[in-house]
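Here the structure is laid out as structure tokens; the discussion comes afterwards.
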Amino acid sequence: MEQRKDRRLILFPLPLQGHINPMLELANLLHLKGFSITIIHTTFNSLNPSTHPHFTFHSIPDGLSESEASTKDLVLLLSLLNAKCVEPLRECLSSLLSDVSEEPVACLISDVLHVFTESVAHSLKLPRLVLRTGGAASFAVFAAFPLLREKGYLPIQESRLEEPVTEFPPLKIKDLPLINRCASEDYNQLVAGLSNGAKASCGLIFNTFEHLEQHALATISQKISNVPIFPIGPFHKFFPAASSSSSGLLSEDQSCIPWLNTQAPKSVVYVSFGSLAAIKEAQFLEIAWGLANSNQPFLWVVRPGFVHGSEPFPSGFVESLNGRGHIVQWAPQKQVLAHPAVGAFWTHNGWNSTLESVCEGVPMICMPCFTDQLVNARYASDVWKVGLQLEDGMERFMIEKTIRKLMLEKEGEEIRDRALKLMEKANLCFKQGGSSCQSLDGLVKHILSLEPFVFRTQSR
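Taking this note's numbering, the leading residue of the sequence shown gets 3, the next gets one more, and so forth.
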């Protein structure tokens, strides 16, 4: 813990599993740097203050009806939150800014997808930084959507899926970050808000590191040269002792750790497709039999809602494994990936999962579902070359073949070597003098430089 800075930061995470954890990890980092932390959160996916007693929490109403809060349409949910949270956030911030019993507020740090925070912060004359919880490469692509439309890549044409996007090698048109290869008006507005909100901010924070996404970070710096950029990831590696604790919305099943302890080193395929993805029953069956037929031990996360309908395990499937498979509803992922028994990660390539896999040197089997996952997967397989993509269908024999290639064949051995080398780079960046450590110090100095602006605001 560094000396207290006599400054308070207000952080506002997007209320989704993959966005809450990085924001709270960032809050921990900045608290260690001496700042007091206030977290504003919505009643939807409300946070538990007891998990972070060193922070102050404030809940705001989000105005979502029961049906709106339970929607599976992610774009609709984000659009509703951006519309309905404007006044509640303004009132909460006004109250916090006028509280003279607390330290002065230096700035607001909001998730970049909370696009409405730009106008609210501007109206209160409050400096605002944004956190991009995804990767820099996908952000660069999102920011280039107007160019991609102008060049004819968007909207996507089914006949051109395999063509390269020459402005963003090695992406193919099918890798562009969309949902079901379509971009609705709401989706386009969200992407435009993400890009414009970052350009209007006082700083853009990334949970990535220089060596991993150097080219993308340089591209972003060139495009929005007026905004300082701070690649200070991987957040969770700055405090490994705390990395096993969860701030998540899902309860972790620790039973998988004793099971992993009984497995041979680098023998287990860990399978998890994140907190949002859902698949059809037919795909579920192919995954199940592909895993079983590979003859590799596996740890599989099958969370409620993962399969459209119920989880239809084939009759006698679990019994036929003879203990070779372990199935849980949610796993302590950072602990699992760090376990010596884990030899591969079959993932949807959400950014948190991708980054955590990179940090532990675990090769990936890539099965992206939508948006930035498509970009992350292409980078994992074709840029960093630490994974294999399941591009030739989801049939069980292809799954079995891919698992065996990664776990048992020469190509898999080469991928594993590259993954371990990349892990070494990740481990250097957050050490003293490393790129992320230096960038974090730069962020602290930048936040403190905003101080006079805040004092003028408070004196009015």
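Where is the CB? At the ideal position from N, CA and C, for every residue including glycine. Only a predicted model underlies this, so the values are computations on that prediction, with no experimental measurement involved.
The stretch 297-313 makes contact with the stretch 267-282: 3 or more CB pairs, one atom from each, lie closer than 8 Å. With a threshold of 16 other beta carbon atoms within 10 Å, glutamine 298 meets it and is buried. Judged by DSSP secondary structure, alanine 346 falls within the beta strand (DSSP E) whose first and last residues are 344-349.
The beta-bridge partner set that DSSP reports for methionine 366 consists of Phe347, Gly389. Boundaries cannot be given for arginine 9, as no alpha helix (DSSP H) includes it and DSSP labels it neither H nor E. Here phenylalanine 300 is bridged, per DSSP, to Val271, Gly327. In the assembly as shown, glycine 292 is a buried residue. Its beta-carbon has 16 or more other beta-carbons within 10 Å. Within the same chain, Cβ atoms closer than 8 Å to the Cβ of lysine 176 are found at Ile158, Leu163, Glu164, Arg183, Leu376, the five residues on either side in sequence being excluded. Within the same chain, and ignoring the five residues on either side of arginine 92 in sequence, the residues whose Cβ sits closer than 8 Å to its Cβ are Val122, Ser125, Leu126.
Excluding residues up to 5 positions away in sequence, Val117 lie with their Cβ nearer than 7 Å to the Cβ of glycine 195 in the same chain. In its chain, beyond the 5 residues on either side, Gly292, Asn295, Ser296 have a beta carbon closer than 6 Å to the beta carbon of glutamate 402. In this structure, DSSP gives aspartate 64 a state outside helix and strand, which the three-state scheme calls coil. If you ignore the 5 residues before and after threonine 349, its C-beta comes within less than 6 Å of the C-beta of Ser355, Met366, all in its own chain and listed in chain order. Excluding sequence positions up to five before and after valine 364, its CB lies within less than 7 Å of the CB of Leu339, Val344, Ala346, Phe347, Ala421, all in the same chain and listed in chain order. Rounded to whole angstroms, the gap between the alpha carbons of glutamine 391 and serine 227 is 34 Å. Contact annotation, aspartate 64 with threonine 40: C-beta distance approximately 18 Å; criterion of less than 8 Å not satisfied. Between glycine 444 and the set Ser38, Gly205, Thr404, Leu357, the nearest pair of CA atoms involves Gly205.
Threonine 221 and valine 320 have their C-alpha atoms roughly 49 Å apart.
In the same chain as phenylalanine 59, and ignoring 5 residues on each side of it, the C-beta atoms closer than 6 Å to its own belong to Ile41, Pro51, in chain order. Within 10 angstroms of the beta-carbon of glutamine 5 lie fewer than 16 other beta-carbons, which makes it exposed. Excluding the 5 residues flanking it on each side, proline 172 has same chain C-beta neighbours closer than 6 Å at Asp384, in chain order. Rounded to whole angstroms, serine 197 and glutamine 265 show a C-alpha spacing of 46 Å. Beta-bridge analysis with DSSP links leucine 445 to no other residue.
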